[in-house]
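As structure tokens, the structure follows; a few thoughts come after it.
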Amino acid sequence: MTRPPKVCAECGEGLPRDRTRQQDFCGDACRSAFNNRRKRRGAILYDLAMDMRVNRRPGSFTRLQQQIDQFIREDRDAGRKAFNAVNPERPCQTTKG
Ligand SMILES: [Zn+2]
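In my numbering, the protein residues as written are 213 to 309.
Next comes the structure, spelled out in structure tokens:
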């Protein structure tokens with residue numbers, strides 16, 4: 213039984229099979245783009261979540277959900293893999309390796 217070919221989480225290009233390490237990206241540019249977007253989105257979600265808990269304004273949870281839905285649409289439109297397709301064991305890949 214063969215596994216499906218792995219692809220870069222950012223650009224979707226095929227990744228070479230490497231028995232010594234798991235790889236989610238084809239190179240530093242894709243790793244950097246993915247992680248920079250992740251950080252930028254995290255800051256947005258942090259502000260929305262804090263606003264929801266601290267200010268307790270009506271509709272704040274809906275705004276948080278809508279923002280996440282927008283991220284999902286952006287990923288889909290850009291042809292990026294679904295979030296859960298990226299290795300959950302190594303969510304913070306800010307350095308090589
Ligand atoms: Zn790539």
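Don't be surprised by glycine CBs; every beta carbon is placed ideally from N, CA and C.
Glycine 224 has its alpha-carbon roughly 7 Å from the corresponding atom of arginine 292. Counting along the chain, valine 266 sits inside the alpha helix (DSSP H) bounded by residues 240-267. Inter-residue distance for glutamine 282 and leucine 257 is about 12 Å (C-alpha atoms, whole angstroms). Your pair leucine 227 and cysteine 238 checks out as a contact, with CB atoms roughly 6 Å apart and the cut at 8 Å.
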